[in-house]
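Heads up: the structure comes next, in structure tokens.
Numbering (our numbering), first residue to last: 9 to 289.
Here you go:
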């Protein structure tokens, strides 16, 4: 199966009441495909990968010690996904906070890391990597008033897929930082979007370059009002970096959200087949 089939899967959503933006990159063959891939949309927690990329860079350069203990401040606390707000501890290492951000998309851990490294540094990294529109506008907030950015982050499927491509190729900032980001992505517990119909073992150890049998998925998802996003890499006989972002008008009700989830899973099924193995029924 070719990447053209991925585009065809994305275009099947054209009649649905949503915008579906898709980008896929064949890491080894160099081919790319996109459907509305340059459309700037809210991308929710998928943009946390940019923050994690900057943290990984600093850990590898020594700017941040992995075992440095950082205190979670009241201003960092956020509801939604995560565990830290519900735990008694207030001091966590940088590495702990990164694992929590990657594995359960912990909003409090995200805010703590973002306060530590600053949004300006994530913007600089995005510029260095050629990510033209991937932007963290603000920290995660329970309520967004008129005096703050309307969303946490915006970006394009193209930029998100390009970030993962850098990580898989080892060109993110340095090979060690790239490898660290991929290890964090492997810990993600949300496999309900692109990987949902993919026959894979989410707990398989290691990060191989190829798999003769089976598939491996490393990803990061994003969920917000009217937004579902999934960005990652599928490894089989081929390595495919991907990003899928769905956006819809919430006035359309739950049916639009269901349509978005089904459309993303359909793209995931096609990506898996393209990577080298049939998907689950």
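Note that CB positions come from ideal geometry on N, CA and C, so glycine has one too. These numbers were taken from a predicted model, which means no experiment stands behind them.
Residue i versus the options, residue with shortest Cα-Cα distance
{"i": "residue 132", "options": "14, 181 and 264", "result": "181"}
{"i": "residue 226", "options": "235, 214 and 232", "result": "214"}
{"i": "residue 39", "options": "50, 18, 105 and 10", "result": "10"}
{"i": "residue 191", "options": "255, 150, 228 and 115", "result": "228"}
{"i": "residue 82", "options": "149, 19 and 106", "result": "149"}
{"i": "residue 19", "options": "252, 282, 283 and 259", "result": "252"}
{"i": "residue 175", "options": "188, 163 and 164", "result": "188"}
{"i": "residue 184", "options": "54, 51, 53 and 65", "result": "65"}
{"i": "residue 270", "options": "130, 254 and 222", "result": "254"}
{"i": "residue 120", "options": "179, 106, 222 and 217", "result": "106"}
Through-space distance from residue j to residue i, alpha-carbon basis
{"i": "residue 44", "j": "residue 15", "result": "10 Å"}
{"i": "residue 236", "j": "residue 230", "result": "6 Å"}
{"i": "residue 98", "j": "residue 279", "result": "41 Å"}
{"i": "residue 23", "j": "residue 256", "result": "13 Å"}
{"i": "residue 139", "j": "residue 72", "result": "24 Å"}
{"i": "residue 75", "j": "residue 94", "result": "22 Å"}
{"i": "residue 56", "j": "residue 115", "result": "10 Å"}
{"i": "residue 224", "j": "residue 67", "result": "26 Å"}
{"i": "residue 69", "j": "residue 177", "result": "19 Å"}
{"i": "residue 51", "j": "residue 134", "result": "15 Å"}
{"i": "residue 154", "j": "residue 263", "result": "29 Å"}
{"i": "residue 234", "j": "residue 152", "result": "15 Å"}
{"i": "residue 6", "j": "residue 200", "result": "The requested residue 6 does not occur in the structure, where the chain is confined to residues 9 to 289."}
{"i": "residue 266", "j": "residue 47", "result": "22 Å"}
{"i": "residue 232", "j": "residue 204", "result": "19 Å"}
{"i": "residue 96", "j": "residue 37", "result": "48 Å"}
{"i": "residue 212", "j": "residue 179", "result": "24 Å"}
{"i": "residue 129", "j": "residue 222", "result": "38 Å"}
{"i": "residue 216", "j": "residue 258", "result": "40 Å"}
Residue j beta carbon less than 9 Å from that of residue i
{"i": "residue 137", "j": "residue 170", "result": "yes"}
{"i": "residue 101", "j": "residue 80", "result": "no"}
{"i": "residue 42", "j": "residue 166", "result": "yes"}
{"i": "residue 274", "j": "residue 21", "result": "yes"}
{"i": "residue 202", "j": "residue 272", "result": "yes"}
{"i": "residue 186", "j": "residue 118", "result": "no"}
{"i": "residue 12", "j": "residue 277", "result": "no"}
Cutoff 9 Å: residue i Cβ touching any chain D Cβ
{"i": "residue 170", "result": "Included in the structure is just one protein chain, with no chain D present."}
Beta-carbon separation (whole angstroms), residue i vs residue j, contact threshold 8 Å
{"i": "residue 268", "j": "residue 26", "result": "5 Å"}
{"i": "residue 239", "j": "residue 168", "result": "4 Å"}
{"i": "residue 141", "j": "residue 163", "result": "5 Å"}
{"i": "residue 124", "j": "residue 147", "result": "With 8 Å as the limit, residue 124 and residue 147 do not qualify as a contact, their Cβ atoms being about 12 Å apart."}
{"i": "residue 243", "j": "residue 281", "result": "Between residue 281 and residue 243 the Cβ distance is about 14 Å, and since that is not below 8 Å, they are no contact."}
query = Is the stretch 60-75 touching the stretch 83-90 in the sense that three or more CB pairs, one from each, lie closer than 8 Å?
reply = no
inquiry  = Assess contact between the stretch 30-45 and the stretch 241-251, defined as three or more Cβ pairs (one per stretch) separated by less than 8 Å. Is contact present?
reply    = yes
query = Is there contact here, the stretch 187-206 with the stretch 106-115, by at least three beta-carbon pairs under 8 Å?
reply = yes
Three CB pairs or more closer than 8 Å across the stretch 152-167 and the stretch 197-212 = no
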